[in-house]
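Input: a single structure, listed below in structure tokens.
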Amino acid sequence: VLKVKQLHEDADLPVNEGRIASDVDEIIELETELAKILVAEEDRRNFTKMYNLRRLSDMQTLMPLIDWSRYFRCVVPFAVKHYLVEDPQIIITEIDYMRRVTDLINSTDPRIITNYAYSRYTFSWYGELGERYEDIAQEFYRVMYGREKKAPRWKDCTSTAMYQLKYATGALYVRKAFNEASKNLTLEMINDLEDAFYNMVVGNSWMDDTTKARALDKAGHILRQIGYSDFILDDEKLDDYYNELHVEESDSYSQIVEKLSRWNIEFYFKLLLKPVDRKEYDFNPAVVNAFYSSTSNSIKFPAAILQPPFFHQTFPKALNYGGIGMLIGHEITHGFDDQGRQFDAIGNLRDWWDGKVKDEFEKHAQCVPETGLHVNGKLTQGENIADNGGVKQAFKIWCGHSTTDSLISLILTDPHAPEKYRVNRVLANQPEFAAAFNCAVGTPMNPTKRCAVW
Numbered sequence: 197v198l199k200v201k202q203l204h205e206d207a208d209l210p211v212n213e214g215r216i217a218s219d220v221d222e223i224i225e226l227e228t229e230l231a232k233i234l235v236a237e238e239d240r241r242n243f244t245k246m247y248n249l250r251r252l253s254d255m256q257t258l259m260p261l262i263d264w265s266r267y268f269r270c271v272v273p274f275a276v277k278h279y280l281v282e283d284p285q286i287i288i289t290e291i292d293y294m295r296r297v298t299d300l301i302n303s304t305d306p307r308i309i310t311n312y313a314y315s316r317y318t319f320s321w322y323g324e325l326g327e328r329y330e331d332i333a334q335e336f337y338r339v340m341y342g343r344e345k346k347a348p349r350w351k352d353c354t355s356t357a358m359y360q361l362k363y364a365t366g367a368l369y370v371r372k373a374f375n376e377a378s379k380n381l382t383l384e385m386i387n388d389l390e391d392a393f394y395n396m397v398v399g400n401s402w403m404d405d406t407t408k409a410r411a412l413d414k415a416g417h418i419l420r421q422i423g424y425s426d427f428i429l430d431d432e433k434l435d436d437y438y439n440e441l442h443v444e445e446s447d448s449y450s451q452i453v454e455k456l457s458r459w460n461i462e463f464y465f466k467l468l469l470k471p472v473d474r475k476e477y478d479f480n481p482a483v484v485n486a487f488y489s490s491t492s493n494s495i496k497f498p499a500a501i502l503q504p505p506f507f508h509q510t511f512p513k514a515l516n517y518g519g520i521g522m523l524i525g526h527e528i529t530h531g532f533d534d535q536g537r538q539f540d541a542i543g544n545l546r547d548w549w550d551g552k553v554k555d556e557f558e559k560h561a562q563c564v565p566e567t568g569l570h571v572n573g574k575l576t577q578g579e580n581i582a583d584n585g586g587v588k589q590a591f592k593i594w595c596g597h598s599t600t601d602s603l604i605s606l607i608l609t610d611p612h613a614p615e616k617y618r619v620n621r622v623l624a625n626q627p628e629f630a631a632a633f634n635c636a637v638g639t640p641m642n643p644t645k646r647c648a649v650w
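As structure tokens, this is what we get:
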């Protein structure tokens with residue numbers, strides 16, 4: 197309500213607080229109805245159901261309210277327009293949604309639709325509209341998420357630059373903070389963790405030999421993307437990458453953000469004209485995170501995650517395997533969790549599991565949601581499987597070969613379980629942990645019944 201009121205004042209429009217409150221209620225009601233007709237978040241994990249191959253012209257049949265041909269001709273760059281003429285194949289993830297949203301729009305007052313579209317557009321720009329809008333947003337975040345104060349302006353600007361200029365900002369970070377030796381040591385650890393996963397598959401008791409062979413083939417084809425793409429340190433190649441981005445010193449901050457957004461949109465549309473490149477480094481090296489891509493069967497470790505406390509080339513091996521080693525195992529296991537297992541060795545959506553083995557996987561995976569925690573078990577299932585697999589691989593490599601057994605080594609919408617349970621519950625599922633720390637049988641960290649997929 198405060199945002200809409202502020203927009204009215206800035207546009208010199210009459211401010212009727214009662215009408216504004218009523219309009220906002222209608223917007224929220226419409227957004228709620230839109231959410232109801234979407235496929236539930238946990239059901240989106242079944243990619244086979246979400247993969248509906250159609251032609252672009254089919255959009256017109258499914259949702260005739262919009263002139264789709266005209267829409268795409270307006271938004272794509274000139275170089276892509278001829279691609280549209282060929283009526284290309286597209287993937288429509290939710291066909292039923294297209295029909296349902298048509299019915300919803302037809303039954304909704306056009307004024308509400310207009311207000312909703314306007315609010316979505318303006319709210320997406322609140323960070324560029326000035327400090328007053330940031331203050332209003334901060335109050336929302338305080339109530340919803342407990343954030344006591346807004347981030348400093350420089351952090352917001354840095355985040356925008358990192359998001360919009362991933363390779364340029366990544367190059368700055370790599371030159372200042374990354375050691376090439378870290379890349380080589382990480383590759384050695386990946387080899388170790390993949391060996392551990394290989395042994396886990398070979399020793400698996402519920403898979404047949406054919407499915408095991410396919411799993412091992414997929415594991416052997418995992419691409420490793422470590423640190424950064426070499427081209428970002430070549431100034432000439434980096435300048436060429438951004439050669440169609442034109443920013444002037446006289447541009448305001450909002451103008452720069454708009455230019456960056458338009459450039460990124462056009463860049464990704466132009467990828468439609470190129471063959472798929474599984475080896476593309478599509479992440480910012482300065483991001484503190486790690487990733488697995490099911491559509492390219494690749495694990496990705498940006499330079500910024502290869503830093504303390506997760507990793508350092510001078511750390512004892514036990515610390516490195518307990519830190520980045522667990523993350524490496526986690527990302528490898530994502531290729532074989534409830535989502536990743538739906539894709540083959542080169543990232544194609546293909547069912548390579550024997551029917552009986554698939555049933556066994558589902559049975560073993562079911563213990564992951566049934567943890568008794570007040571979280572969405574289906575939504576967090578993939579991350580929980582990966583957590584368990586990652587810890588097991590790291591332990592088997594380090595504690596299994598290098599030390600004695602006595603050596604101490606937004607809940608409903610987040611695919612990760614709460615941090616506390618990503619540590620305690622995962623470790624409780626490892627019998628080696630209970631043995632190392634002498635946990636009594638039946639205690640929380642040494643339960644009589646454990647959950648494991650891999």
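For the sequence shown, the positions run 197 to 650 when the working numbering is used. Ideal placement from N, C-alpha and C gives every residue a C-beta, glycine not left out.
#1: Check whether the Cβ atoms of Ile-528 and Gln-589 sit closer than 8 Å, and answer yes or no.
#2: Give a yes or no on whether the minimum CB-CB distance between Gly-416 and chain D is below 8 Å.
#3: Could you name the residues that DSSP lists as bridge partners for Lys-496?
#4: Can you find at least 3 beta carbon pairs, one from the segment 519 to 535 and one from the segment 382 to 390, that sit closer than 8 Å?
#5: Report the CB separation of Pro-481 from Gly-423 in whole angstroms; it is logged as a contact under 8 Å.
#6: Are there 16 or more other CB atoms within 10 angstroms of the CB of Asn-242, so buried, or fewer, so exposed?
#7: Tell me Leu-545's beta-bridge partners as DSSP assigns them.
#8: By how many angstroms is the C-alpha of Phe-511 removed from the C-alpha of Gln-256?
#9: Taking the beta strand (DSSP E) that Gln-285 belongs to, which residues open and close that run?
#10: Excluding sequence positions up to five away, which residues of its chain have a Cβ less than 6 Å from the Cβ of His-204?
#11: Check whether the segment 366 to 376 and the segment 424 to 434 are in contact - that is, three or more C-beta pairs closer than 8 Å.
#12: Could you check if Trp-350 is buried or exposed, using at least 16 other CB atoms within 10 Å of its CB as the buried criterion?
#13: Going by alpha carbons, who is nearest to Val-484 out of Ser-320, Lys-362 and Glu-290?
#14: Assign Arg-677 to one of two classes, buried (16 or more other C-beta atoms within 10 Å of its C-beta) or exposed (fewer than that).
#15: Is the beta carbon of Gln-538 less than 8 Å from the beta carbon of Leu-545?
#16: Distance, Cα to Cα, Asp-219 vs Ser-265?
#17: Keeping to the same chain, check which residues put their C-beta closer than 7 Å to that of Asn-460; ignore five residues upstream and five downstream.
#18: In chain order, what residues of the same chain have a beta carbon less than 6 Å from the beta carbon of Lys-408, not counting five sequence neighbours either side?
#19: What are the partner residues of Thr-228, as DSSP defines its beta bridges?
#20: Hey, how far is the Cα of Asn-400 from the Cα of Trp-650?
#21: Could you please give the first and the last residue of the uninterrupted beta strand (DSSP E) stretch that includes Leu-249?
#22: Distance, Cα to Cα, Leu-230 vs Ile-308?
#23: Leaving aside the five residues before and after Ser-602 along the sequence, list all residues of the same chain whose C-beta is less than 6 Å from its C-beta, in chain order.
By the coordinates alone:
#1: yes
#2: Of the protein chains in this structure there is only one, and it is not chain D.
#3: Gln-421 and Phe-487
#4: yes
#5: 6 Å
#6: exposed
#7: Phe-539
#8: 59 Å
#9: 285 to 287
#10: Val-211
#11: yes
#12: exposed
#13: Lys-362
#14: Summary: the structure shown does not reach residue 677, with the chain confined to residues 197 through 650, and so no result is reported for it.
#15: yes
#16: 32 Å
#17: Gln-360
#18: Val-397
#19: Looking at the DSSP assignment, Thr-228 forms no beta bridge with any residue, so it has no partner.
#20: 7 Å
#21: 249 to 251
#22: 13 Å
#23: Unreliable placement is indicated for Ser-602, whose pLDDT of 38 sits below 50; the coordinate value is still reported in the next sentence. Around Ser-602: no qualifying Cβ.
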